[in-house]
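Colleague: Chains as they are written, first to last, in the UniProt record's numbering: chain A, 1 to 499; chain G, 1 to 237.
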Ligand SMILES: [Zn+2]
Ligand SMILES: [Zn+2]
Ligand SMILES: [Zn+2]
Ligand SMILES: [Zn+2]
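Have a look at this one:
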């Protein structure tokens, strides 16, 4: 749609009474006028509640343009540019993308001219130079819930101190990093903080890059906050278009929000390829109210963040011990020669085969992590000769769920996998090996997460973590040091079980 | 150098062969995996509509043509309306996803991924003496999508494009039965009253599914004295 500027007012082209004035895409106007809220306007509650805390495309609003525009003229709604020009090129105002290769242009039938658009957030509907973003000017108001939390579990002492820090951050609209080892029980750490936020009438969002995590967290929170409206947002979710005091959302769905939340909790902030991470940060920033608190949860903060914490530049609280109080299994390194060459010859290095053989004979289940899908397929073919029940799984494997389920049931002795299983999947009594730990894909974070699969249950708190490599890397060393440091801190703080 | 794939955005290393060096052929803008997922229609196919006979039950085929085409030929209203159809790719799950991203999500840039194959296959079946006419969208649909995917494809051919047809807005075709669809008034009209005498025309569209849309368009062109109407589509459903 194009707009006409008349008497310092934007008018959508189809509503313009004066013909002949030049209609332009919204991105072409230098200044977008907006108006003070007219208190006596009989506004549409439906429209305003639909738009509450959101930033939407006209296509996403089931209301006639006349109604939307009346709210603009009365100061209830704002038009914003979807795409802005920058010195280097363009920026998408919805997702923050500024990368030149993620913009393209086409001759647009909406604005009758070449129209640049953002390819990065295209799955949420196209934002192009002639796309206005519609925003409500009415601040989001929360409702107070006095005792929403119905949970009778207990926190470990490591969890307890982190939970207190979270409450503090929420009360003071502060930033906080919760650095919790794999298996620390970080979800429970949030309960007291969210409870407090709800008492104060604050709106809370838990954002994560992965749909899996949303699906896992939503029932958990619905259970402990049984009378609270809780919604889960992900591609294809039924809750789309709704808002609630507690929202659990993927990054993509968060892009639709604008100044909506008093508390933003970002789970697994490091959990995605570099390309998605800036979008998550941008979306989360945009969805926050001013002022608001932001809580980052992760087991593996990146190096910059670790450095910031060390230098006191970033407020952080660590939970260095697992919920069950046993130390984290420390990886051992084992050189295995040119294993790629061995794979080409339909074989594996002798010590790797020996490790696998030991697990098969001893009847202990294991994960074997490998760097790439192509290798995975070859390695699975080799290992199937040892035991035909050995399976491989990767990100695009259509049978992924079934294979993981079969592994959980103990039907598969060994699961060969790419890094997709580095998070999330926890199986009680397993060992883990990495083949080719020197590969670039195995960053410190990935290796710490992989090691974190082992010893998760109190019943089987230990296990073997073996990194087979053809040359030690800095990342491998950093991962080991990371784990040892956490164990040391846990011991120092008296968080470990003493035998 | 690392590129990022036009479709899946994954980083990849384009394969450089001696052909690229000798002929200055452009490097692929897709990663190998996406490129391999486009499947060409090859082998035996229906002489008339270009439907591949591979994986098709023999009961759907009578000699060189498929039973769908026989049904069209037996109907006096539709006999010989479309001379032939040819398509580039199989409409597999991957293709469905790509087309949906391109046409419904509106990622126009994807059209580049089809360029080489679309153009090469076109010239295998037709030549530049044909008149190129993309299937139009209705004004409403065109506004909604922002671009006409059939026209975007036609532009890949580097031939003059003739916007000789227009289209009425209509409710979704898929809700109606075949009979109802055939009986509804034609959604296409000539953009201007012209004579197409002696012209052989190729209609361009994204997908050939039942062939109904293309035949409706063809009928209008034949009524304006076109010598013949064929069609060329990106995928065959
Ligand atoms: Zn964007
Ligand atoms: Zn436009
Ligand atoms: Zn690709
Ligand atoms: Zn046929």
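All C-beta atoms in this analysis are idealised placements derived from N, C-alpha and C, irrespective of residue type, glycine included.
#1: For the region 105–130 of chain G, list every residue whose C-beta sits within 8 angstroms of some C-beta in chain A, in sequence order.
#2: When we look at the beta-carbon of residue 3/A and count the other beta-carbons within 10 Å, is it buried (16 or more) or exposed?
#3: Any beta carbon of chain G sitting closer than 8 angstroms to that of residue 16/A?
#4: Does the CB of residue 469/A have a neighbour CB from chain G at under 8 angstroms?
#5: If we count the other Cβ atoms within 10 Å of its Cβ and call it buried at 16 or more, is residue 274/A buried or exposed?
#6: Please enumerate, following chain order, all residues with a beta carbon closer than 6 angstroms to at least one heavy atom belonging to ligand 3.
#7: Which residues mark the beginning and the end of the beta strand (DSSP E) in which residue 50/A is found?
#8: Compare the C-beta of residue 109/A with all C-beta atoms of chain G and state if any pair is closer than 8 angstroms.
#9: Hey, would you say the C-beta of residue 120/A is under 7 angstroms away from at least one heavy atom of ligand 1?
#10: Which same chain residues, not among the five before or five after residue 203/A, have their C-beta less than 6 angstroms away from its C-beta?
#11: How long is the line joining the alpha carbons of residue 447/A and residue 166/A, rounded to whole angstroms?
#12: For residue 139/G, which residues from the same chain have a beta carbon less than 8 angstroms from its beta carbon, with the 5 sequence-adjacent residues on both sides left out?
#13: Using a beta-carbon distance cut-off of less than 9 angstroms, what residues from the region 470–499 of chain A approach chain G?
#14: Do we get a CB-CB distance below 8 angstroms when we pair residue 60/G with the residues of chain A?
#15: Could you pull the DSSP bridge partners for residue 90/A from this structure?
#16: Within the continuous beta strand (DSSP E) that includes residue 192/A, where are the two ends?
#17: Using 8 angstroms as the limit for Cβ to Cβ distance, is residue 123/A near chain G?
#18: Mind listing which residues of the region 124–147 of chain A have their C-beta closer than 8 angstroms to chain G's C-betas, in chain order?
#19: Of all the CB atoms in chain G, is at least one closer than 8 angstroms to the CB of residue 101/A?
#20: If you draw a straight line from the alpha carbon of residue 133/A to that of residue 197/A, how long is it in whole angstroms?
#21: Using a Cβ-Cβ cut-off of 8 angstroms (strictly less than) and excluding sequence neighbours within five positions of residue 338/A, which residues of its own chain qualify?
#22: In the DSSP assignment, find the alpha helix (DSSP H) that holds residue 69/G and state where it starts and stops.
#23: Who are the near neighbours of residue 431/A in its chain, counting only those whose CB is closer than 7 angstroms to its CB and skipping five residues on each side?
#24: Strictly by DSSP, which residues pair up with residue 134/G?
#25: Using a Cβ cut-off of 8 angstroms, which residues of the region 1–14 of chain G contact any Cβ in chain D, in chain order?
#26: Does DSSP put residue 294/G in a helix, in a strand, or in coil?
#27: In chain order, which continuous runs of the beta strand (DSSP E) of length 3 or greater are located wholly inside the region 11–78 of chain A?
#28: Can you say whether residue 21/A is buried or exposed, counting buried as having 16 or more other CB atoms within 10 angstroms of its CB?
#29: Cutting at 6 angstroms between CB atoms, please list the residues of its own chain near residue 95/G, excluding the five before and the five after it.
#30: Take residue 226/A and list the residues in its own chain whose beta-carbon comes closer than 7 angstroms to its own, dropping the five residues that flank it on each side.
#31: Where the beta carbon is closer than 6 angstroms to any heavy atom of ligand 2, which residues qualify, in chain order?
#32: Counting only beta-carbon separations shorter than 8 angstroms, does residue 38/G have a partner in chain A?
#33: Going along the UniProt domain "Phosphoribosyltransferase" (145–236) of chain G in order, which residues come within less than 7 angstroms of chain A, judged by CB to CB distance?
#34: Can you pull the chain A neighbours of residue 30/G, defined as C-beta to C-beta under 7 angstroms?
#35: Measure from the alpha carbon of residue 87/A to the alpha carbon of each residue in 76/A, 247/A, 94/A and 99/A, then state which is nearest.
#36: To the nearest angstrom, how far is it from the Cα of residue 251/A to the Cα of residue 12/G?
Modeller: According to the structure data:
#1: Answer in chain order: 105, 106, 107, 108 and 109.
#2: Label assigned to residue 3/A: buried.
#3: No, because no Cβ of chain G sits closer than 8 angstroms to the Cβ of residue 16/A.
#4: The beta carbon of residue 469/A sits no closer than 8 angstroms to any beta carbon of chain G.
#5: Only weak support is given to the placement of residue 274/A: the predicted model assigns it a pLDDT of 44, under 50, and the value that follows is read from those uncertain coordinates. Residue 274/A is exposed by the Cβ-count criterion.
#6: If you measure from each CB to the nearest heavy atom of ligand 3, the residues under 6 angstroms come out as 5/G, 7/G, 8/G, 10/G, 30/G, 31/G, 33/G and 34/G.
#7: No beta strand (DSSP E) contains residue 50/A, which is instead part of the alpha helix (DSSP H) from 45–51.
#8: Under the 8 angstroms criterion on CB atoms, residue 109/A is classed as interfacial with respect to chain G.
#9: Checking the Cβ of residue 120/A against ligand 1 gives yes.
#10: If you ignore the 5 residues before and after residue 203/A, its C-beta comes within less than 6 angstroms of the C-beta of 142, 245, 261 and 262, all in its own chain and listed in chain order.
#11: The alpha-carbon atoms of residue 447/A and residue 166/A are separated by roughly 27 angstroms.
#12: Cβ-Cβ distances below 8 angstroms link residue 139/G to 169 in the same chain, with the five nearest sequence neighbours on each side left out; the list follows chain order.
#13: Result list empty, no residue passes.
#14: Closer than 8 angstroms: no.
#15: In DSSP, residue 90/A forms a bridge with 85/A.
#16: Unbroken run through residue 192/A is the alpha helix (DSSP H), 186–199; no beta strand (DSSP E).
#17: Yes, residue 123/A lies at the interface with chain G (some Cβ there is under 8 angstroms from its Cβ).
#18: Cβ contacts with chain G come from 125, 126 and 128.
#19: Cβ-Cβ to chain G under 8 angstroms: yes for residue 101/A.
#20: Here the alpha carbon of residue 133/A sits roughly 30 angstroms from the alpha carbon of residue 197/A.
#21: Exclusion of the five residues before and after residue 338/A leaves 470 as the residues of its chain whose Cβ lies within less than 8 angstroms of its Cβ.
#22: Judged by DSSP secondary structure, residue 69/G falls within the alpha helix (DSSP H) whose first and last residues are 67–74.
#23: Around residue 431/A: 359, 364, 366, 454, 463 and 464.
#24: Looking at the DSSP output, residue 134/G sits in a beta bridge with 204/G.
#25: Going by chain labels, chain D is absent from the structure shown, which instead holds the protein chains A and G.
#26: One cannot answer for residue 294/G here, as it falls past the ends of chain G, which runs 1 to 237.
#27: Runs found: 55–57.
#28: Exposed is the call here.
#29: In chain order, 89 and 235 place their CB closer than 6 angstroms to the CB of residue 95/G, counting only its own chain and leaving out the 5 sequence neighbours on each side.
#30: These residues qualify, in order along the chain: 150.
#31: Residues whose Cβ lies closer than 6 angstroms to any heavy atom of ligand 2, listed in chain order: 25/A, 108/A, 110/A, 111/A, 115/A, 128/A, 129/A and 130/A.
#32: Residue-level contact check: residue 38/G does not touch chain A, since none of the beta carbons of chain A fall below 8 angstroms from its beta carbon.
#33: Flagged, chain order: 146 and 147.
#34: Here the premise fails: no neighbours, minimum Cβ distance about 14 angstroms.
#35: Among 76/A, 247/A, 94/A and 99/A, the Cα nearest to that of residue 87/A belongs to 99/A.
#36: C-alpha of residue 251/A to C-alpha of residue 12/G: approximately 25 angstroms in a straight line.
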